[in-house]
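Trainee: Numbering (full-length UniProt numbering), first residue to last: 1 to 681.
Pasting the structure below:
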């Protein structure tokens with residue numbers, strides 16, 4: 001039995017399968033160029049003289065040789081060609097170290113290209129010694145050299161050795177094949193082609209932006225103060241507190257500079273409102289002498305563009321900035337875009353705030369926290385007016401010498417606003433630096449960095465175990481380092497972790513050492529020297545918090561008693577200044593210690609004279625007991641040979657030892673909890 005099947009005739013034409021639009025691919029494919037921030041829509045970041053690595057995948061069909069060049073373009077459009085090295089042939093991975101020598105907007109791209117000279121050298125080195133097509137290989141080599149001679153960019157000095165090498169290959173009577181091969185692959189022609197290769201089928205990637213900023217955007221030590229507490233005291237006659245001033249705060253600057261800090265950061269210095277003013281320890285009732293939170297900005301005396309009358313005048317502020325400058329300090333000012341109910345904006349621009357259904361203005365909340373003394377600005381109400389006013393306020397402080405802004409809670413304002421503000425300020429003041437105080441979700445933290453913030457607070461304060469520190473250190477020094485520069489703070493005026501509440505002196509030493517050596521930018525809050533460790537019940541912040549009251553730390557008496565970590569902080573900042581390896585972020589390498597309470601890492605940097613600066617840190621993160629164990633160094637990562645031993649100097653104590661692949665270490669509170677050693681080469 002059979003069945004007839006009827007088959008429909010094929011259509012005369014078939015519509016092509018739809019594919020998404022694609023960028024044209026070059027003849028020599030170049031892909032996955034890194035760093036690349038948001039597909040090249042935002043710049044990668046660097047600072048002057050900071051080395052970083054650019055990588056890319058470059059490959060081609062068949063067996064002919066491929067090569068790659070990084071083209072670095074400076075702000076004036078001048079190009080520099082840097083040869084790349086294939087570090088993993090199996091994955092076609094190419095890389096090169098890049099250093100930009102001045103500030104501004106640079107660009108870079110990777111060019112893949114066919115390398116006919118390398119192709120010929122490879123083939124000829126196999127065939128000629130085996131006497132396979134020796135004459136043909138010589139002729140083909142001469143043709144490759146002829147093409148290289150024809151490069152329009154090559155000068156006559158470079159063409160001469162190439163012509164000579166081509167003549168050697170063609171002169172079969174005068175030069176045996178093996179001898180000719182040796183001459184042309186080791187002589188002047190090979191040197192010329194190594195310095196100025198003959199590139200064919202050049203295929204560029206897209207140009208990617210690189211923003212190069214001043215050194216302080218990457219490397220610096222910060223010291224935070226409440227100016228009103230510096231010089232504050234109780235009047236012996238009246239028994240009432242007297243606020244410090246900008247003039248008395250300036251008297252603290254020499255000690256801050258002597259400890260080696262680069263930046264003195266001032267919490268808000270503006271007039272403070274009285275409506276819903278907070279009392280001591282964030283209570284809802286303030287007494288007549290309670291100063292209120294400086295973050296409740298604004299009163300009849302002015303707003304964000306004014307100075308609290310008790311602190312002084314703009315002349316006093318200018319004098320403070322001048323004193324700081326003479327001591328080598330820059331002044332950072334808190335930019336907290338919220339208002340007391342008494343702020344002039346509340347009456348002049350009520351539309352800038354959120355009005356609730358009952359007609360009242362909404363105060364700030366972060367449930368369960370309530371900030372009844374603060375109105376948040378609603379940036380969706382009259383954005384043009386708000387943007388312009390904030391830009392005006394920022395300019396006021398720039399005109400008075402402020403080049404650094406620590407921004408309070410930027411994650412509660414539109415990212416679009418920060419992108420506009422930072423960009424607009426940079427047009428006339430590219431040296432202004434912005435620190436983001438955004439303890440929030442990673443996506444927001446990273447996006448704030450991408451749109452312009454040079455530095456960011458981090459989760460460091462809550463990373464205490466070795467595993468947590470290794471994971472976080474690896475994260476912040478990895479791909480994210482192309483756009484986000486972490487600032488490590490062991491404490492702030494809002495943060496006092498249980499580790500420091502109960503860890504004793506060793507805990508405070510260890511956290512400062514980790515913050516100062518793991519990343520290039522770190523900071524402390526005044527009082528760190530005194531190990532102020534008592535927390536307000538139910539909160540991870542100090543009791544009698546300086547946000548709500550004046551504090552007289554009696555620095556003179558502390559100095560006399562000697563009960564201070566000032567010497568420890570001075571040692572850390574001195575090590576940072578003297579060792580360039582500690583001034584970089586992307587050079588962090590972790591090493592193994594058998595005891596899981598001991599952490600070890602190193603940082604290395606090649607110096608201009610060709611030497612290498614290497615610092616190794618080993619710390620005991622258990623502040624309550626002494627630990628002894630074996631440190632196992634990755635010698636290759638340190639640029640050392642297997643089995644090699646080196647002399648090291650402990651920057652903490654000055655002791656010297658011989659360290660090798662396996663080294664005994666003993667650290668604890670009764671001796672020293674941290675080794676910070678310099679490798680003596």
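Every residue gets a Cβ at the ideal spot worked out from N, C-alpha and C, and that includes glycine.
Given 8 Å as the limit, tell me if residue 135 has its C-beta closer than that to any heavy atom belonging to the ligand MN.
Mentor: Absence of the ligand MN is noted for the structure shown, with no ligands found whatsoever.
Trainee: Does the Cβ-Cβ distance between residue 528 and residue 570 come in under 9 Å?
Mentor: no
Trainee: Given 8 Å as the limit, is there contact between the segment 245 to 260 and the segment 316 to 328, that is, 3 or more CB pairs closer than that?
Mentor: yes
Trainee: Which of the three DSSP states is assigned to residue 99 in this structure?
Mentor: coil
Trainee: In the DSSP assignment, the beta strand (DSSP E) including residue 678 goes from what residue to what residue?
Mentor: 674 to 680
Trainee: Kindly provide the ranges of any beta strand (DSSP E) runs that are 3 or more residues long and lie completely inside the segment 78 to 164, ordered along the chain.
Mentor: 79 to 83, 85 to 88, 93 to 98, 104 to 114
Trainee: Quick check: what's the CA-CA separation for residue 456 versus residue 521?
Mentor: 10 Å
Trainee: Quick one: what's residue 220 bridged to in DSSP?
Mentor: Residue 220 pairs with 521.
Trainee: What number of angstroms, rounded off, separates the C-alpha of residue 340 from the C-alpha of residue 277?
Mentor: 9 Å
Trainee: Taking just the CA atoms, how far does residue 401 sit from residue 417?
Mentor: 23 Å
Trainee: Is residue 671 helix, strand or coil by DSSP?
Mentor: When DSSP states are grouped into helix, strand and coil, residue 671 belongs to the coil group.
Trainee: So for residue 627, helix, strand or coil by DSSP?
Mentor: strand
Trainee: Pop quiz: residue 68 and residue 33 are said to be a contact at Cβ under 8 Å. What is the actual Cβ separation, rounded to whole angstroms?
Mentor: Contact flag wrong, Cβ pair sits at about 10 Å.
Trainee: By Cβ distance, which residues of its chain are closer than 6 Å to residue 332, with the 5 residues on each side in sequence left out?
Mentor: 263, 265, 404, 406
Trainee: According to DSSP, simplified to helix, strand and coil, what is residue 514?
Mentor: helix
Trainee: Grab me the residues of residue 140's own chain with a C-beta within less than 7 Å of its C-beta, minus the 5 sequence neighbours each way, in chain order.
Mentor: 120
Trainee: In whole angstroms, what separates the C-alpha of residue 372 from that of residue 437?
Mentor: 21 Å
Trainee: From the DSSP output, in three-state form, read off residue 504 for me.
Mentor: In this structure, residue 504 counts as helix in the three-state DSSP scheme.
Trainee: Between the Cα of residue 214 and the Cα atoms of 157, 101, 48, 206, which residue gives the shortest distance?
Mentor: 48
Trainee: Measuring CB to CB, does residue 585 end up less than 9 Å from residue 260?
Mentor: no
Trainee: Rounded to whole angstroms, what's the CA-CA distance from residue 632 to residue 594? Just pull it up for me.
Mentor: 8 Å
Trainee: Going by other Cβ atoms of all chains shown within 10 Å of its Cβ, with 16 needed for buried, is residue 4 buried or exposed?
Mentor: Note on residue 4: pLDDT 48, under 50, position unreliable in the model; no value is reported.
Trainee: Can you tell me whether DSSP reads residue 682 as helix, strand or coil?
Mentor: The question about residue 682 has no answer here: the residues shown for the chain are numbered 1 through 681.
Trainee: Go through the segment 15 to 67 residue by residue and report every complete run of the beta strand (DSSP E) that reaches 3 residues or more, in order.
Mentor: 30 to 34, 44 to 47, 52 to 58
Trainee: State the DSSP-derived secondary structure class of residue 390, mapped to helix, strand or coil.
Mentor: helix
Trainee: Rounded to whole angstroms, what's the CA-CA distance from residue 538 to residue 367? Just pull it up for me.
Mentor: 15 Å
Trainee: Where in the segment 422 to 471 do unbroken runs of the beta strand (DSSP E), each at least 3 residues long, occur, reported from the N-terminal end onward?
Mentor: 433 to 437, 455 to 457
Trainee: Considering only the beta carbon of each residue, do residue 565 and residue 512 sit closer than 9 Å?
Mentor: yes
Trainee: Can you say whether residue 27 is buried or exposed, counting buried as having 16 or more other CB atoms within 10 angstroms of its CB?
Mentor: Burial state of residue 27 is exposed, judged by a 10 Å Cβ sphere holding fewer than 16 other Cβ atoms.
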